[in-house]
Each structure stands twice: as C-alpha cells, then as structure tokens.
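Trainee: Quick one: structure below, then a few questions.
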Amino acid sequence: KNEVEQSPQNLTAQEGEFITINCSYSVGISALHWLQQHPGGGIVSLFMLSSGKKKHGRLIATINIQEKHSSLHITASHPRDSAVYICAAPGDGGSQGNLIFGKGTKLSVKP
Amino acid sequence: EPEVTQTPSHQVTQMGQEVILRCVPISNHLYFYWYRQILGQKVEFLVSFYNNEISEKSEIFDDQFSVERPDGSNFTLKIRSTKLEDSAMYFCASSVGYSDTQYFGPGTRLTVL
C-alpha cells in the first residue's frame, strides 16, 4: 500500500514569493494528483501527472518517477493562493480510484 | 461549467440512525467516488463505482456503508447505523474515465450526536 508524505506541513510566505511543496510516495505509480482544499473545505483538482512537468497559470507541478517524488511550485504567490495543498497517489500503484492522500500543506500567503 | 453537487450541505443525526448522502455527478462522467475527511485529518478513499457496481472499496467501507445509483443522475452513500466516529465531511467525486481528473463536490458535513 502506498504511503504519501508531504512537506512542509505549514508554510507562510510573503506575497510574491516562490513557493515549493514536496510530496514523496513509496510505491511506483501511474499518475500523481495535486489538489487544493479551500478554507471552506471544497476540493479542487489542480494536476494529474505521470511524468515530467505540467503548468497551469502560476502553478507548476513536476514529478520524478524514479525518485518517487513530486513538487508543486507557485510563482509570484498571492494571498488568494492561501489554502491546503494535497498530493494523492494510487493506493496500489496502478488504480486511480483508490487514492491515498497526504496530510496536506497549509499555505498562508501574507500581503 | 458543469460541477458535482451534493445535498445536504450539513446533516445532523442521532447515533444509530440511517443517513443517505446524495450526489449528482457531472452528466457525462462514468466513474464515481466517495471520500471522507474527519475534522483535522487527511482525506480518505471510501469507494469507487462504475457501471452500476463497486469497482474498489477501502477498509473503511464496511457493511454499514452502501452506494447506489438509483437513477440516471444521483449517486448516493448510505450509512445504515451511524456511529459517533462517522462524523466527517463526505466528498463525492466523478471522472470521465478511470485515469482522468476527478472533480469533487462541495461536501456534506455529517455530524453524529
């Protein structure tokens, strides 16, 4: 069964800073998910990636399959980026349904 | 933009009572999921559903839980006899295909007294 670890657990940044959140997993996977959980509790899927890098606006996600590691970067951070960022990996490596979630990184961006 | 909806937003029930949480997935999606998040803890997978049957389920999804797609639009999670530890936020999600992005609903907060 996959184990998903995230770091840091909490992150405070000043507006404009470059943010990096890390995720590591123990079992080889077909794809990894990055999600954002808003202060109100809602969850939004940001990325699903199986190799290399994906970019959406100021968000960039990278994955290194060999090292079982992924990073989420936020460029030019803004207070509205404040949320919990969660990575999730398939529980048994292949299945996309049985996702194992990390504990999340709580990001607070100060103006 | 299509979205997953869930009702009710908050459900309060007495221990031992049955509850049904409802979800309307995005209309052209074929895979449906339930997750839960106990306050302050990480999100946990409960069950996935495809073609009118359960695809996968976690250890949490015991005989007290069941899922159903009673018609062409709703996807429900039933807890037969609620326990205090069932208090959590329950999220429904759906995806087009098995390996596609999952879209989450806003969640139902279940409080068991």
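First to last, the sequence lines map onto chains A and B.
Numbering-wise (the numbering used here), the first sequence opens with residue 14 and increments by one.
Numbering-wise (the numbering used here), the second sequence opens with residue 9 and increments by one.
Just so it is clear, CB atoms sit at the ideal spot from N, CA and C, and this is done for glycine as well.
Predicted model, so just to flag it, every value in this text is computed and none were measured.
Between the Cα of Tyr98 (chain A) and the Cα atoms of A:Ser121, A:Asn77, A:Ile76, A:Gly104, which residue gives the shortest distance?
Mentor: The candidate whose alpha carbon is nearest that of Tyr98 (chain A) is A:Ser121.
Trainee: Would you kindly work out how many angstroms separate the C-alpha atoms of Gly117 (chain A) and Leu54 (chain B), rounded to a whole number?
Mentor: 18 Å
Trainee: My output table needs one value for Leu2 (chain B): the three-state DSSP class, helix, strand or coil.
Mentor: What is shown of chain B runs 9 to 121, which leaves residue 2 (chain B) out entirely.
Trainee: Assuming contact is defined by CB atoms lying nearer than 8 Å, are Tyr58 (chain B) and Ser58 (chain A) in contact in what I supplied?
Mentor: no
Trainee: Could you tell me which chain B residues have their CB closer than 9 Å to the CB of Ser20 (chain A), listed as they occur along the chain?
Mentor: Result: empty, since nearest Cβ-Cβ is about 14 Å, beyond 9 Å.
Trainee: Do Gly115 (chain A) and Gln19 (chain A) have their beta-carbon atoms positioned less than 8 Å apart in this structure?
Mentor: In contact: Gln19 (chain A) and Gly115 (chain A) (Cβ atoms closer than 8 Å).
Trainee: For the beta strand (DSSP E) containing Lys14 (chain A), name the first residue and the last one.
Mentor: Where Lys14 (chain A) is concerned, there is no enclosing beta strand (DSSP E), given that its DSSP letter is neither H nor E.
Trainee: Buried or exposed: which applies to Ser56 (chain B), given that a residue is buried once 16 or more other Cβ atoms fall within 10 Å of its Cβ?
Mentor: buried
Trainee: Could you give the DSSP three-state label for Pro33 (chain B): helix, strand or coil?
Mentor: coil
Trainee: Is there at least one Cβ from chain A nearer than 8 Å to Phe112 (chain B)'s Cβ?
Mentor: yes
Trainee: Would you please state the rounded distance, in angstroms, between the beta carbons of Asn35 (chain A) and Ala102 (chain A)? I believe it to be under 8 Å.
Mentor: So it is not a contact: roughly 13 Å between Cβ atoms.
Trainee: Taking only beta-carbon atoms, is Met23 (chain B) less than 8 Å away from chain A?
Mentor: no
Trainee: Assuming Val75 (chain B) and Trp42 (chain B) are in contact, meaning their beta carbons sit under 8 Å apart, how far apart are those beta carbons, in whole angstroms?
Mentor: 7 Å
Trainee: Just reading off the beta strand (DSSP E) that Gln25 (chain B) is part of, what are its end residues?
Mentor: That residue, Gln25 (chain B), is in no beta strand (DSSP E); it is neither H nor E in DSSP.
Trainee: Tell me, please, which residues DSSP counts as bridged to Arg117 (chain B).
Mentor: Answer by DSSP bridge pairing, in chain order: B:His18, B:Met97.
Trainee: Check this for me: beta carbons of Ser63 (chain B) and Ala44 (chain A), under 8 Å apart or not?
Mentor: no
Trainee: Beta-carbon within less than 6 Å of Met97 (chain B)'s beta-carbon, same chain only, minus the 5 sequence neighbours each way: which residues are those?
Mentor: Gln45, Gly115, Arg117
Trainee: May I ask you to report which of helix, strand or coil DSSP gives Arg44 (chain B)?
Mentor: strand
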